[in-house]
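Asks: Residue numbers (the UniProt record's numbering): 1 to 269. Glycine included, C-beta positions come from ideal geometry on N, C-alpha and C. Quick one: the structure is below, and I'll ask about it shortly.
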Amino acid sequence: MYARWAVGDMGADDQWGDVTAEPRGLDYAEVSAGGVPAMWLVPHDADRDRAILALHGGGFVGGSLYTHRKMYGHLAKAAGVRVLLATYRLAPEFRYPAQIEDAVTAFRWAAARTAAVALAGDSSGGGLAVQVALREPGAAALLLLSPWIDMDPAQTATSYEENAGTDLFFTRPMVQGLIEQYLAEGTSGLAPEVNAFYADLSALPPVYVQCGGDESGRGDSERLAKLTDARLDVFDGQLHTFQMAAGRSPVADEAIGRLAAWVRPKLGL
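And the structure:
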């Protein structure tokens, strides 16, 4: 199934991770999680019976194990648990539901090997984490960093206008273009199985959402928090997935620390 899918082929995309400082005191081990390429991020003092499955962002068209290993490595160290960072087939070559199928496969693989698993994800990976939790019971918690959830082609969130002067990258047309690449023609972006905002969210595990106050996608985070009674932390002056600057930015380190402190008791630590 993955013959044409090489996670290292993203070229310059791998340089996203340059903004993140290299965490110390942990090991990396690439594995096949039921056929899905993944990487264990293992702090030297990690609890071995609990884990976090992390799904990277990239708008469904980019990102890899290598762009995000350092950021989630900082989370692994702060939480004191192993993180299984999983990747997935990318659009437009592979469209919905390929990405969700891969994420579900990785979660099942991790859950079969640990006593408790939390789900984490940033941007499109945050939306995937929610989709996994809707399909697979048993996740201990959801850790969502600037999650992108709304697949409505109209993209009606008012945060696009509110933050037009600060978030110059994630414009409404840009996000609409990503949706066109993710969804095959004839697939509705309002269908509950595609757009979690139209699904029954009552069975989700505890949810913690972080976002930047200056990002255009802030509306998704705020909307999810209202629908789920999630904890929501909005970091003033920050942009989309600002946590990528972990190890170099005090506010990114603070955010990672909050995620770790919140999830530990959810995992029974």
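Can you tell me which of the three DSSP states R231 falls into?
Replies: Within the sequence shown, residue 231 is the residue found at index 231, counting from 1. Strand at R231.
Asks: Determine the closest residue to Y28 out of A21, S64, R82, with distance taken between C-alpha atoms.
Replies: Counting from 1 along the sequence shown, the entry for residue 28 is found at position 28. Checking every option, the nearest Cα to that of Y28 belongs to R82.
Asks: Considering only residues of the same chain and omitting the five flanking positions on each side of A111, which have a CB-CB separation below 7 Å?
Replies: Counting from 1 along the sequence shown, the entry for residue 111 is found at position 111. Contacts found: V117, G138.
Asks: State the start and end residues of the unbroken beta strand (DSSP E) segment that holds D47.
Replies: Residue 47 sits at position 47 when you count from the first residue of the sequence shown. That run of the beta strand (DSSP E) goes 47-55.
Asks: So, with DSSP's three-state summary, where would you put R172?
Replies: In the sequence shown, residue 172 corresponds to position 172, counting from 1. Here R172 sits in helix by DSSP.
Asks: On the criterion of 16 or more Cβ atoms from any shown chain inside 10 Å, does Q210 qualify as buried, or is it exposed?
Replies: One-based indexing of the sequence shown puts residue 210 at position 210. Counting Cβ neighbours within 10 Å, Q210 comes out buried, since at least 16 surround it.
Asks: Using the C-alpha atoms, what's the distance from H240 back to S146?
Replies: Counted from its first residue, the sequence shown places residue 146 at position 146. Counted from its first residue, the sequence shown places residue 240 at position 240. C-alpha separation (whole angstroms): 6 Å.
Asks: Please list the terminal residues of the continuous beta strand (DSSP E) segment that includes Y72.
Replies: Working through the sequence shown from its first residue, we reach residue 72 at position 72. Unbroken run through Y72 is the alpha helix (DSSP H), 65-79; no beta strand (DSSP E).
Asks: Suppose the cutoff is 7 Å on Cβ atoms and the five residues either side in sequence are ignored; what does the same chain contact list for R258 look like?
Replies: For the purposes of this step, residue 258 is taken as residue 258 along the sequence shown, with counting starting at 1. Only D233 meet the Cβ criterion.
Asks: For E30, does the count of other Cβ atoms within 10 angstroms reach 16, so buried, or fall short, so exposed?
Replies: The residue given as residue 30 occupies position 30 in the sequence shown. Label assigned to E30: exposed.
Asks: Is there a Cβ from chain B that is less than 9 Å from the Cβ of Y72?
Replies: In the displayed structure, chain B is absent; only one protein chain is listed.
Asks: Please name the residue, chosen from G121, G127, S202, that lies closest to D229 on a Cα-to-Cα basis.
Replies: Locating residue 229 in the sequence shown gives position 229, counting from the first residue. For D229, the nearest C-alpha among the options comes from S202.
Asks: Please name the residue, chosen from K266, A252, V132, Y66, that lies closest to L75 on a Cα-to-Cα basis.
Replies: In the sequence shown, the residue the question calls residue 75 occupies position 75. When only C-alpha atoms are compared, the closest one is A252.
Asks: Given V19, which residues of its chain have a CB within under 6 Å of its CB, disregarding the five upstream and five downstream residues?
Replies: Numbered from 1 along the sequence shown, position 19 holds the residue referred to as residue 19. Within the same chain, V19 has close Cβ partners M244, A245.
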